[in-house]
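Quick note on our numbering: the sequence shown kicks off at 3 and runs consecutively.
All C-beta atoms in this analysis are idealised placements derived from N, C-alpha and C, irrespective of residue type, glycine included.
In this text, all values refer to a predicted model and were calculated from it rather than measured experimentally.
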Amino acid sequence: MDFKRINYSSGAPLEDKAGYSRIVKVGPFVYVGGTTSVQPDGTVFGEGDPYAQTKYVLEKLLKLMAEAGSKASEVVRVKVYATDMSHCGEIVRAYSEFFKEIRPLCTVVGTSGLNRPTQLVEIELDAIIGAAI
3 MDFKRINYSS
13 GAPLEDKAGY
23 SRIVKVGPFV
33 YVGGTTSVQP
43 DGTVFGEGDP
53 YAQTKYVLEK
63 LLKLMAEAGS
73 KASEVVRVKV
83 YATDMSHCGE
93 IVRAYSEFFK
103 EIRPLCTVVG
113 TSGLNRPTQL
123 VEIELDAIIG
133 AAI
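Here you go:
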C-alpha cells in the first residue's frame, strides 16, 4: 500500500523553530507527539494541578486529532510522562474520563522534568482511523 504522509501543526512556535510536527498522519495511522498544557499565550494551564493539566492536554490533543480525521475511540496507545509519580492518581482520574471505555494501551513513565518546571504531564497518542470500538 502507498500511504500519503500529512504533517499537522498545533501552531506552537517551537514546531517551526525546531522542525517537528504535532501530528503525523500516514494513511489511517495518526501519531501525536508529546504535548503539554502550554496555552496559546505561552502560559502553562493548571499550574500545580496534575488533574487539570492532564484533562487540558487530552482535550487539546483530541481537538487536534479531529483536524486529522481521528477521534478518541480510535486511540490505541497513550504514553504519559509525569514529573512526579505521586500524581498518578490524579492523572489516571483525568485519563479515565476520556478512555475508560475505550481501553487503549497506556504507559505512565516518571521523568525528572519537562520543558518548564511548572509542566507536570506530557502526553503522546497513537490512533488508527477506523479502529473505533
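task: Spell out a yes or no on whether the segment 102-112 and the segment 45-57 are touching, meaning 3 or more CB-CB pairs, one atom from each, closer than 8 Å.
output: At 8 Å Cβ cutoff, the stretches do not touch.
query: Is it right to say residue 116 is buried, meaning 16 or more other beta carbons lie within 10 angstroms of its own, or is it exposed?
result: Position 114 of the sequence shown, counted from the start, is the residue given in the question as residue 116. Burial of residue 116 is indicated by the presence of at least 16 other C-beta atoms within 10 angstroms of its C-beta.
query: Is it the case that the Cβ atoms of residue 100 and residue 66 are separated by a distance below 7 Å?
result: As a working note, residue 100 is residue 98 in the sequence shown. As a working note, residue 66 is residue 64 in the sequence shown. No. Outside cutoff.
query: Would residue 114 be called buried (16 or more neighbouring beta carbons within 10 Å of its own) or exposed?
result: Here the question's residue 114 lines up with position 112 in the sequence shown. Residue 114 is classed as exposed because its beta carbon has fewer than 16 other beta carbons within 10 Å across all chains shown.
field: First and last residue of the uninterrupted beta strand (DSSP E) at residue 84
entry: Position 82 of the sequence shown, counted from the first residue, corresponds to residue 84. Run containing residue 84: 77-84, per the beta strand (DSSP E) assignment.
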